[in-house]
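Peer 1:
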Amino acid sequence: MTLTVWAYSESGQVASEVAAAAQSLAGTGKGDAVEVMVGAMSDAGPRLPNALVLRGMSASENTPESTAEAICRATSKGMPSVILVGSTRNGREVAARVAARLGTGCISDASKLTLEGESLIGERSAFAGKVTAKVVAPIPCVATVKVGTYPAAGKTTANSVSEMDVGGFSPKVKVLKTIRKDARSVNLNSAKIIVSAGRGVKKKEDLAIVESLAKSLGGAVGCSRPLSSDLGWLPEEHHIGLTGVTVKPELYLAVGISGQLQHIAGMKDSKVVAAINTDKDAPIFQAADYGIVGDLYQVIPAIEEIVRRRS
Amino acid sequence: MKIAVCIKHAVDESELKMDPGGSPMITGAAGKMGTFDKNAVEEAVRLKSSGGGDVTIFTVGPADARKSMKEGLAMGGDRGVLVTADPVRIDSLSVAGLLAKAVQRDGSFDLIICSEGSSDVYTGQVPPMLAELLGFAYFGYAKKLEVSGSRIRVERSLEESVEVVEAPLPAVVSVVSEINEPRYPTLIQIMQAAKKPLEEVPPSALGVETAPKVVVRSMSGQGSNRKKVMLDGTPEEAAAKLVDALRAEGVIPR
Ligand SMILES: Cc1cc2nc3c(=O)[nH]c(=O)nc-3n(C[C@H](O)[C@H](O)[C@H](O)COP(=O)(O)OP(=O)(O)OC[C@H]3O[C@@H](n4cnc5c(N)ncnc54)[C@H](O)[C@@H]3O)c2cc1C
Ligand SMILES: Nc1ncnc2c1ncn2[C@@H]1O[C@H](COP(=O)(O)O)[C@@H](O)[C@H]1O
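Next up, the structure:
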């Protein structure tokens with residue numbers, strides 16, 4: 002049996018990362034990596050030389066419910082060895098549904114995927130990031146690829162595109178409206194410098210201080226979960242950690258972030274970590290190369306001043 | 036409305052110890068109700084108090100899980116069903132399979148509330164798998180939900196958008212932490228919870244044989260070997276030291 006790895010994500014950036022994961026997996030097993038594209042999405046790709054475009058009513062809906070349905074139907078014409086899905090919020094649903102339907106195992110939020118005989122092995126964080134677990138599932142299986150852990154594959158010219166009509170489907174869930182979040186498109190995956198804000202920032206307007214420093218350093222803005230999820234000050238894709246993205250910039254500057262395990266899980270592989278926090282006992286200092294015990298409202302403008310003056 | 040809440044008795048990561056070899060000591064580790072599962076219980080109790088009905092708490096867990104379930108009952112749950120299997124030893128699909136059977140055995144639920152992810156392993160798989168196995172509608176990452184008649188409308192919080200979606204009941208939802216502020220039960224509520232029915236059901240009584248596909252092969256602690264250099268002085272002095280250090284590291288332009 003030849004090894005076949007399918008790669009899918011509804012998000013363009015993430016699809017590139019999943020494609021890279023599929024390629025590396027297929028490469029080691031001398032098999033094929035195939036980018037699965039559903040309906041309208043197909044215009045954006047492909048990122049792999051082999052692509053499978055699923056068309057039909059279910060495919061055009063593009064909800065996780067219908068995407069999972071489309072992928073399951075596609076497997077009936079030939080089961081792949083591994084189905085990789087980008088671990089976005091919708092992607093996790095697609096993967097779990099497909100695994101439940103096909104009765105296979107599902108490794109979630111994997112960062113390093115390898116093959117060993119008839120098994121897929123993935124590494125993932127567990128216990129709030131205190132632990133790295135090696136998880137094994139027999140092939141065929143499904144896995145979600147943690148966002149930000151694989152370098153994105155570039156676009157390619159497909160040399161083999163097959164289309165499949167997966168037929169009609171009436172979903173239970175109806176989308177009434179999609180409201181875009183305050184979009185300041187970021188790509189933390191490729192940012193060399195990230196200045197990341199936490200609850201030490203008192204008001205949404207004060208994020209301007211952090212943004213201004215990030216700009217003068219030529220970097221991007223990240224944040225802890227409460228800022229995006231609980232307070233809604235920044236879109237969700239800025240949030241770093243277990244439930245957000247994984248980043249590994251040259252410099253990670255954490256300001257007003259306490260450094261809980263779940264946050265560290267997303268930035269621990271940064272080259273250099275610096276932290277500014279008023280609390281000398283904040284755990285972030287244990288995970289930093291350089292620490293300043295101080296008020297971000299004083300220290301950040303001071304850093305910016307020096308950077309501007311000397312450049 | 037008949038509401039089910041699925042909560043996990045999760046390993047308390049702050050109490051988790053490492054053995055000398057650097058592996059976590061999972062067996063016998065202290066547990067606590069999953070952090071976000073409190074939001075799930077809170078939402079169920081709020082729905083009950085606005086629209087009537089009852090709330091059943093389901094857990095697949097060891098005997099010790101009664102502790103978390105009691106907490107859920109103190110928050111306002113009416114009864115509990117503990118499926119006695121240790122989730123550390125089985126995988127998400129097995130947990131979802133046990134929950135599906137336990138829910139079906141217990142009657143016809145209109146709504147099953149889970150959280151976006153358990154606080155120890157955070158796979159986010161159990162809720163959509165449960166929906167898939169039950170054939171219910173599913174909404175992941177709900178930041179707001181509204182039931183009117185036999186329909187449910189949910190605002191889903193996604194990375195770049197909020198999606199407003201609707202489906203007929205029955206449904207499974209997973210909630211995010213921003214949906215509500217979980218209550219702290221009062222002493223009286225805690226005492227009353229001790230008298231609420233809490234049934235234990237072995238997997239065999241559900242006719243389920245758990246054969247996990249996904250297994251953990253090894254685990255190791257994530258150590259940090261950072262320099263931990265503290266830079267002192269006035270804000271200006273500390274800032275200057277930091278800029279110098281970062282330039283010396285070559286991570287910011289000179
Ligand atoms: C299952 C689960 C998953 C999670 N996933 C994530 C995740 O992916 N990412 C994430 O970030 N969190 C995550 N969390 C939440 C995490 O546990 C913490 O609650 C969160 O990281 C805290 O954010 P914070 O550091 O911004 O806020 P806080 O913990 O409130 O810390 C604020 C810090 O700012 C400092 N401060 C205050 N004023 C100033 C000032 N003027 N100048 C400088 N410093 C100041 C304080 O001393 C404090 O250390 C998760 C939680 C759970 C249960
Ligand atoms: N063992 C369990 N018992 C009951 N509910 C669970 C269990 N495991 C997971 N869940 C539910 O599924 C959600 C997501 O868990 P997980 O898929 O493990 O991230 C949890 O927040 C619970 O609502």
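Protein chains in written order, with this note's numbering: chain A, 2 to 312; chain B, 36 to 289. Backbone N, C-alpha and C fix where the C-beta goes; we use that ideal spot for every residue, glycine too. Just so you know, these numbers come straight off a predicted model, no measurement behind them.
1) Residue 14 of chain A touches chain B at which residues, Cβ-Cβ below 7 Å?
2) For my contact list, residue 207 of chain B and residue 162 of chain B are in at a C-beta cut-off of 8 Å; report their separation, rounded to the angstrom.
3) Got a sec? Which residues, its chain only, sit under 7 Å from residue 255 of chain B by beta carbon, not counting five neighbours each side?
4) Looking only at its chain, what residues have a beta carbon closer than 8 Å to the beta carbon of residue 127 of chain B, apart from the 5 residues adjacent to it on each side?
5) Mind reading off the beta-carbon distance from residue 179 of chain A to residue 142 of chain A? Whole number of angstroms is fine, and I expect it under 8 Å.
6) Would you mind telling me which residues of chain A sit closer than 7 Å to residue 139 of chain B, beta carbon to beta carbon, in chain order?
7) In whole angstroms, what separates the C-alpha of residue 35 of chain A from that of residue 68 of chain A?
8) When DSSP labels each residue in this structure, what does residue 211 of chain B get in the three-state scheme?
9) For the alpha helix (DSSP H) containing residue 135 of chain B, list its first residue and its last residue.
10) Does the distance between the C-beta of residue 245 of chain A and the nearest non-hydrogen atom of ligand 1 fall short of 6 Å?
11) In angstroms, rounded to a whole number, what distance separates the CA positions of residue 178 of chain B and residue 77 of chain B?
12) Taking the continuous alpha helix (DSSP H) assigned at residue 82 of chain B, which residues delimit it?
13) When you compare the CB of residue 257 of chain B with every CB in chain A, is at least one pair closer than 7 Å?
14) With 8 Å as the limit, tell me which residues of the segment 110-140 of chain B have their beta carbon closer than that to any beta carbon of chain A; keep them in chain order.
15) Taking the CB atoms as reference points, tell me whether residue 42 of chain B and residue 123 of chain B lie closer together than 7 Å.
16) Which bits of chain B does residue 278 of chain A rub up against, with CB to CB less than 7 Å?
17) Looking at the C-beta of residue 238 of chain A, does it have a partner C-beta in chain B at a distance below 7 Å?
18) So, at 6 Å on beta carbons, what are the nonlocal neighbours of residue 134 of chain A in its own chain, with the 5 sequence-adjacent residues on each side left out?
19) Go through the segment 175-225 of chain B residue by residue and report every complete run of the alpha helix (DSSP H) that reaches 4 residues or more, in order.
20) Whole-angstrom Cβ separation of residue 313 of chain A and residue 79 of chain A, contact assumed at under 8 Å?
21) Are there any heavy atoms of ligand 1 lying less than 6 Å away from the beta-carbon of residue 279 of chain A, as far as the coordinates show?
22) Check whether the Cβ atoms of residue 322 of chain B and residue 94 of chain B lie closer than 7 Å to each other.
23) Please list, in chain order, all residues of the same chain as residue 17 of chain A whose beta carbon is under 7 Å from its beta carbon, the five residues on each side excluded.
24) With the cut-off set at 7 Å, would you say residue 263 of chain A and residue 130 of chain A are in Cβ contact?
25) List, in order along the chain, the chain A residues whose C-beta lies closer than 9 Å to that of residue 174 of chain B?
26) Out of B/224, B/193, B/237, point me to the one whose CA is closest to residue 210 of chain B's CA.
27) Does the CB of residue 157 of chain B have a neighbour CB from chain A at under 7 Å?
28) Quick test of the definition: if touching needs 3 or more C-beta pairs under 8 Å, does the segment 282-294 of chain A touch the segment 227-234 of chain A?
29) Just to confirm my understanding: we take residue 193 of chain A, look at its own chain, exclude 5 residues before and 5 after, and list those with CB closer than 8 Å. What are they?
30) Could you work out which residues of chain B lie near residue 139 of chain A, taking near to mean beta carbons separated by less than 8 Å?
31) Shorter than 6 Å, the distance from the beta carbon of residue 296 of chain A to the closest heavy atom of ligand 1, or not?
32) Comparing alpha-carbon positions, which option in A/72, A/15, A/240 lies nearest residue 103 of chain A?
33) Is the beta carbon of residue 59 of chain B within less than 6 Å of some heavy atom of ligand 2?
34) Should residue 293 of chain A be counted as a contact of ligand 1 given a C-beta to heavy atom distance under 6 Å?
35) Sort B/47, B/36, B/120 by Cα distance to residue 132 of chain A and report the nearest one.
36) Please work out which residues of its chain come closer than 8 Å, Cβ to Cβ, to residue 246 of chain B, disregarding the five sequence neighbours upstream and downstream, and give them in chain order.
Peer 2: Straight from the coordinates:
1) Per Cβ cutoff of 7 Å: no residues; residue 14 of chain A is ~10 Å from chain B at best.
2) 6 Å
3) 57, 58
4) 158, 160, 161, 164, 249
5) With a Cβ gap of about 32 Å, residue 179 of chain A and residue 142 of chain A do not count as contacting.
6) Correct list: empty, because the minimum Cβ distance to chain A is about 15 Å.
7) 16 Å
8) coil
9) 127-140
10) yes
11) 13 Å
12) 72-86
13) yes
14) 126, 127, 128, 131
15) no
16) Residues of chain B passing the Cβ test: none, with the nearest at roughly 11 Å.
17) yes
18) 125, 127
19) none
20) Summary: the structure shown does not reach residue 313 of chain A, with chain A confined to residues 2 through 312, and so no result is reported for it.
21) yes
22) Beyond the ends of chain B as shown, which are 36 and 289, falls residue 322 of chain B; an answer cannot be given.
23) 48, 153, 154
24) yes
25) 174
26) B/193
27) yes
28) no
29) 219, 220, 250, 251, 252
30) 248
31) yes
32) A/72
33) no
34) no
35) B/47
36) 129
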